[in-house]
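Numbering (UniProt numbering), first residue to last: 1 to 147.
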Amino acid sequence: MATHDPTNGGARAVEPDPRDKGLGELVKDLASQTSTLVRQEIKLAQAEVTQKGKVAGKGAGMLAAAGVVALLGLGALTAFLIIVLDSFLPLWLAALIVTLLWLAIAAVLGLAGKNAIQKATPPAPQTVETVKEDIQWAKTQTGSAAR
């Protein structure tokens, strides 16, 4: 059924009152709305997981960078620093100090990467919230249909 809507200058479809529908129509409408809702929730979850995956990827990149920096730094500067410290300290102590320095730098980079990955979880908080709202909505709809 279509009626004239003066606010937009055109006709619009008017949904019949659910209380006037038969049980079969109500069940059909519920199934249709439920499947539409489920499809929309799946799309929302996919979008959220994709977004969080990008953040997790950046964190993984930081962890990889931590490993590369630790290896390059240990390889390129270790010998130089040990030689410099060897002028003031025994050789073994100079080597130990340089090793601890590079491990501390790697730990800082590793923690930064770990924190970035943790920010990516939980994967879909918005979807969880909207599903809760949908369940609440469905409860109110089934409660009013029983009257």
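We treat Cβ as the ideally placed atom computed from N, Cα and C, and that holds for glycine.
Tell me, please, whether the region 39 to 48 touches the region 67 to 80 by the rule of three or more beta-carbon pairs shorter than 8 Å.
no
For valine 131, I'd like the list of residues in its chain whose CB is within less than 8 Å of its CB, leaving aside the five on either flank, ordered along the chain.
The answer, listed in chain order, is Glu41.
Note down the Cα distance separating aspartate 20 from lysine 58, rounded to an integer number of angstroms.
55 Å
Beta-carbon separation (whole angstroms), leucine 109 vs alanine 60, contact threshold 8 Å:
With 8 Å as the limit, leucine 109 and alanine 60 do not qualify as a contact, their Cβ atoms being about 13 Å apart.
Whose C-alpha, out of Val98, Glu48, Ser32 and Lys28, is nearest the C-alpha of lysine 119?
For lysine 119, the nearest C-alpha among the options comes from Glu48.
Sequence-distant residues of the same chain with beta carbon closer than 6 Å to alanine 94, five excluded per side
Closer than 6 Å at Cβ, skipping near neighbours: Ile82, Leu85 and Asp86.
In angstroms, rounded to a whole number, what distance separates the CA positions of alanine 138 and alanine 31?
12 Å
Could you have a look at phenylalanine 80 and say whether DSSP puts it in helix, strand or coil?
Per DSSP, reduced to three states, the secondary structure at phenylalanine 80 is helical.
Length at least 4, wholly inside the region 30 to 91: the alpha helix (DSSP H) runs in chain order:
none
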